[in-house]
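For the sequence shown, the residue numbers in this note's numbering are 12 to 111.
Beta carbons are placed, not taken as given, at the ideal position from N, Cα and C, and that holds for glycine.
Quick caveat: nothing in here was measured; it's all calculated off a predicted structure.
Data first, discussion second: the structure below is written as structure tokens.
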Amino acid sequence: MAEKQKVTNSMYMGPSIPKLGIRRHLLILGSEPPPQLLSLIETKPMLRSLVVPSFKVAEAAEKVNTRGSLEWLAAQEVLKYNRERAERERKVTKPNEERK
């Protein structure tokens, strides 16, 4: 009889990414992040450290809040991404407002 492989769910432990529809503590069925998060991980591989198996959530939560840890640095990258994206959107909408 074949053994069933146990599927472990994961959780995204970083800050929310509103423009991608990703929220903090997002439960992921299985271990593969959703496509929009996966595309960001491909450009910033350290963000993979923010997706952890459900049984390591408490440990990851501590690391995200520990200055200098990989998880903390990855969370800072997400915050930087959010700021830069908001700034780009402000620059795009500002010229349109001046034409009115």
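Counting the other CB atoms within 10 Å of its CB gives V103 a total below 16, which places it among the exposed residues. The beta-carbon distance between S65 and M22, rounded to whole angstroms, is 6 Å. This is short enough to meet the 8 Å contact definition.
As summarised for the segment 56–84, the continuous beta strand (DSSP E) elements at least 3 residues long and confined to that stretch are 62–64, given in chain order. Annotated three-state conformation of L40 is coil, per DSSP. Comparing alpha-carbon positions, the option among I28, M24 and K17 lying closest to R96 turns out to be I28. Non-local C-beta neighbours of I39 in its own chain, meaning closer than 8 Å and more than five positions away in sequence, comprise N20, S21, M22, Y23, P45 and V62, ordered along the chain.
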